[in-house]
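Add 71 to a position in the sequence shown, counting from 1, and you land on the number used in our numbering.
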Amino acid sequence: MNRSQRSSLAVGVILVLLGVYFILANLVPQFNQWLNITYSWPTIILAVAAGLLVLGLIVGAPDMAVPAVIVGGIGGILYYQNITGNWGSWAYMWALIPGFSGIGMILAHLLGARDRYSLGSALDTIGTSLVMFIIFGAFFGAFKAFGDYWPLLLVAAGILIGLRTLLRPHKS
């Protein structure tokens, strides 16, 4: 079976499974209670992310892990915001999105896309994302739980960046 046939088969299987789920949800009211699914719109985004990952695994495209993790990460942020009502956290949480791509690169690497993604660049992306999250979170009040000690996060981020620069081999 070639790649095109696998892709078509995967889409067909996903559509059949979705159809069966919706039929059961409509005909058997206790079905959703039995599955214990809480419906909120971010759950749909998380399901799309899972679908992307499964589709990538079925068709043998480990690179699909990158968009799957990005979409899943955004879905997770929106799920948190929807539950807590803390919509203002988007002012600094967006900085996590590049880190999601780094996590996706690591997952793609583990799933077999070894020639395309290096673990070093994935870790750099995650680190940069965390530093941006700390900086923007500090300015927009994300770390109120740390009280007067939240600036220590900025100091730690600066030390990590400095050490990384000093310990990395220099290119002439």
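Ideal Cβ positions, reconstructed from N, Cα and C, are used throughout, including at glycine.
Computed from a predicted model, the values in this text were never measured in an experiment.
Judging by CA-CA distance, which residue of GLY208, ILE205, PHE210, PHE171 is the nearest neighbour of ILE197? PHE171
Is the Cβ-Cβ distance between TYR163 and PHE207 less than 7 Å? yes
Backbone CA spacing between ARG185 and ALA179 [nearest angstrom]: 8 Å
Let's see if you can read the secondary structure: which residues bound the alpha helix (DSSP H) around ASP195? 190–210
Determine whether the Cβ of GLY159 lies closer than 7 Å to any Cβ atom of chain B. Looking for chain B here will not work: only one protein chain is present.
Hey, quick one: how far does the alpha helix (DSSP H) through ALA121 stretch, first residue to last? 112–130
Within the chosen definition, does the segment 137–153 reach the segment 190–205 through at least 3 CB pairs nearer than 8 Å? no
Can you check whether the CB of ALA136 is closer than 7 Å to the CB of GLY175? yes
To the nearest angstrom, how far is the alpha carbon of TRP112 from that of ASN153? 9 Å
Have a look at SER200, LEU182, ILE148 and flag the residue whose alpha-carbon is nearest the alpha-carbon of GLY173. SER200
How many angstroms separate the CA atom of LEU126 from the CA atom of LEU234? 40 Å
Where does VAL202 land, buried or exposed, given buried means 16+ other C-beta within 10 angstroms? buried
Cα-Cα separation, ASP195 to TYR92: 40 Å
On a CA-only basis, which of ASP134, PRO133, THR114, GLY131 is nearest ILE145? Give me that one, please. THR114
Can you say whether ALA213 is buried or exposed, counting buried as having 16 or more other CB atoms within 10 angstroms of its CB? buried
Mind reading off the beta-carbon distance from VAL119 to ALA81? Whole number of angstroms is fine, and I expect it under 8 Å. Going by Cβ atoms, the distance from VAL119 to ALA81 rounds to 15 Å, so no, they are not a contact pair.
Assign PHE244 to buried or exposed, taking buried as 16 or more other Cβ atoms, counted over all protein chains shown, within 10 Å of its Cβ. Residue 244 is absent from the model: the chain starts at 72 and stops at 243.
Residue from GLN104, LEU149, PRO133, ASN103 with nearest C-alpha to ILE116: LEU149
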